[in-house]
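Under full-length UniProt numbering, the first residue of the sequence shown is numbered 1, with each subsequent residue one higher.
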Amino acid sequence: EDEEEEHVTKIYYCSRTHSQLTQFVREVIRCPYDDVRVISLGSRQNMCINPAVKKLNSLNMINDKCLELQQKKSQQLFKYLPGCAFHKQELLHAFKDKALLEVTDIEQLVVTGKAMKACPYYGARYAVPAAEIVALPYNTLLHKSTREACGIKLAGNVVIIDEAHNLLETINNIHSVEITASQVVKAHSQLSQYEKKYVSRLTAKNLMYVRQILFVLSHIAEFLGDVRLLNLNDFLFQAKLDNLNMFKLLRYCHRSRISKKLNGFVEKYQEAEIRPGNKLLNIMYFDVLSAPPKDLQPASLMRSPLMQIESFLDTLTNANQDGRVVVNKQVKLSQTSLRFLMLNPAVHFISVLKEARAVVVAGGTMQPISEFKDQLFHAAGIQSNRIMEFSCGHVIPGRQLLPMVVSKGPTGASLDFTYQSRDKSHMIEELGRVVTNVCNVVPGGVICFFASYDYESLVYAAWEKSGVINKIEAKKKVFREPKRSGLADQVLMEYSDCIKRCLSWQGTRTGALLLSVVGGKMSEGINFSDDMGRCVMMVGLPYPNINSPELKEKMSYLNAHFVDQEGRLAGQVHYENLCMKAVNQSIGRAIRHKDDYAAIMLVDQRYSKPSISNKLPQWISKHLSVADNFSQLMQALPKV
């Protein structure tokens, strides 16, 4: 190993998606500071150039195969086996030097890696110490062990976290782990075979730990029989795991690399003999091993099952009050899951706050700021005098924006998309009239956001039956956001091409309508600039499912630990904020530069309430007006 290279002072720029990091790097290229050394970090899925690994498609399988190739190369036993041809020290150092010569994004790094036959994933890591700006995804920065594995050193450096509107939920999600019955059974089967084969070779201590893991797996299997929601101590007690030293067991797992060793068993997989005395595990074995692959959870087929179990066991070392264990029971036992739900993001963010010289949390839709202060900074022990706030208006003047609350439809009927009213036929018909009229007037692209895929499907089916879709199609080609995110880019391309064709031909069709879903790919990270989005419509208020066990537990946790400034229950405030942050993120897709212009329509009478409109971004709320009748809206639209 080479001596560790000294790190220069740097900025770590962190964003949620690969495309957002690429956008950032391209903006750096446009800046006058062309002599700055920039490197981008990404996942193996985006940066791997080994065809044998890349073809695996699944991120987990790619990670496992990459590590396996390196293991073969590094261990004396496997010296005769080929490792990865692209992972050679001299190639990686040459790649590092070339990557830092000019500012390049991930796509360009991959092209360079292919030309040099050097791994861009590891080559980019080699460049981190000498880089002055490092662009990296959320997971790499916010997960401590991943951060350390990538050689990220925060001490004395500045951290910028962009698109941070969902930072609290992101930290919790990164540190929440779910395991399925399928994974438990497969891990138990593989480890049983491993023990049987190597029982004479294992030391007494190692054999003890292997049997402890089998003990844990069988008791987790028993626990999957009923729907439950427990704190950590109660789970450990009821699962009869409270007498085990989880820290020692995890230390054995990490040092022995037992999950990696079991990978070799997957190809030779055979049903292991089931130990007597565990009826539920017996049933689960039959259910899982006889199930066709399509019925199993994808994660169980794409990753060493014991590796995922280890991640779950690691979460059990959290403080009792910081998380919950939830059993989600399914009709098919193989799909029943056990999930650790992280509730306190501050415990995992505190190391970032303590190590970094400064942390900038930024975004276009950060309201309400109090949520970040209370749950992230104050909860991590940061004093108020260390927290600085900066908020600014939008680059566009007010005349380029028309935000309106549409509380009544063309017939004068009130628009109320509450859970109780939204499925009613007259409400869907009135919405159809609203959208048809808007599409007749607005040129270019119109995006209409719905609260869920199910509701979008319901509305589309009703409109298709009643002839609304045909009326809209006279002016706008209708596109729908696909549930599979992998198909979204294709739909977006077709939507964009259609708008360009319609505007250039100047025929009867004036553009396209895109029916989208809040929380889908179209609502985050996609720029509907210029003619791509001359009008954004938000149908109703997209409140999350109040009956979700995870949401209920999060609200209970907040009620117990925080008090809203106005004396309201913190859990209820959180519930409202989840909704409004989703709204703000969706409607902010249309205005993307100083010359852009668009109409923003909030289609629901509830948006006229100050308690809701006050949670809109200031650059929208200060121009917001309520249309007393539909004709008022139609008169205002052509003036944008």
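From the three backbone atoms N, C-alpha and C, an ideal C-beta is built for every residue, glycine too.
Of the other Cβ atoms in all chains shown, 16 or more fall within 10 Å of the Cβ of C535; this residue is therefore buried. Annotated as distal: K581 and H143, with beta-carbon spacing of 9 Å or more. Under the three-state reduction of DSSP output, E566 falls in the coil class, being neither helix nor strand. Straight-line spacing of the CA atoms in H254 and K332 works out to 32 Å.
One alpha carbon belongs to E163, the other to I350, and they sit about 19 Å apart. With a threshold of 16 other beta carbon atoms within 10 Å, A560 falls short and is exposed. Between the alpha carbons of D596 and R589 lies a gap of roughly 11 Å. If only complete runs of 4 or more residues are kept, the region 2-32 shows the alpha helix (DSSP H) at 18-30, in order along the chain. Within 10 angstroms of the beta-carbon of I49 lie 16 or more other beta-carbons, which makes it buried. Every alpha helix (DSSP H) of 4 residues or more that sits fully in the region 129-215 is shown, in chain order, as 138-142, 144-149, 167-174 and 181-198.
Per DSSP, the beta bridge partners of V626 are V405.
Annotation for K476: the continuous beta strand (DSSP E) segment containing it runs K476 to R480.
Annotation for N328: S337 place their beta carbon closer than 6 Å to its own, counting only its chain and skipping 5 residues before and after.
Membership of R255 in the alpha helix (DSSP H) is indicated by the continuous run M246 to S256. In terms of Cα proximity to T365, the closest of N584, I220 and C119 is N584. Shown here, F86 sits in coil according to DSSP, grouped into three states, outside any helix or strand. Secondary-structure assignment with DSSP links N614 through no beta bridge to anything.
The C-beta distance from G432 to G511 rounds to 18 Å, too long to fall under 8 Å, and the pair is not in contact.
Under the three-state reduction of DSSP, S337 is assigned to strand. A residue is called buried when at least 16 other Cβ atoms come within 10 angstroms of its Cβ; I179 meets this threshold and is buried. Rounded to whole angstroms, K186 and H175 show a C-alpha spacing of 23 Å. The secondary-structure analysis by DSSP pairs L514 across a beta bridge with I447 and F479.
Between the C-alpha atoms of I382 and A127 there is a straight-line separation of about 32 Å. Secondary structure at N328: strand, using DSSP grouped into helix, strand and coil. The C-beta distance from L21 to S40 rounds to 6 Å, short enough to fall under 8 Å.
Separation of V395 and C150 (C-alpha to C-alpha, rounded to the nearest whole angstrom) is 37 Å.
For A598, the uninterrupted beta strand (DSSP E) segment begins and ends at A598 to V603.
Beta-bridge annotation (DSSP): C535 is paired with V446 and A599.
By the criterion of at least three beta-carbon pairs nearer than 8 Å, the region 206-226 is in contact with the region 314-329. Ranked by how close their Cα comes to the Cα of S407, the residues R26, L558, N231 and M537 have M537 in first place. In the three-state reduction of the DSSP assignment, S414 falls in the strand class. Here L313 has V216, M246, L249, L250 and C253 as same chain residues with Cβ atoms under 8 Å from its own Cβ, once five neighbours each way along the sequence are excluded. Note: I39 is bridge-paired with V134 in the DSSP secondary-structure output.
According to DSSP, residue pairing for V360 in a beta bridge involves I160. When the five nearest sequence neighbours on each side are left out, the beta carbons in the same chain lying within less than 8 Å of the beta carbon of Q605 are those of V405, S407, K408, S414, L415 and D416, in order along the chain.
Pairwise C-beta distances place the region 82-89 out of contact with the region 101-109, as fewer than three of them are shorter than 8 Å.
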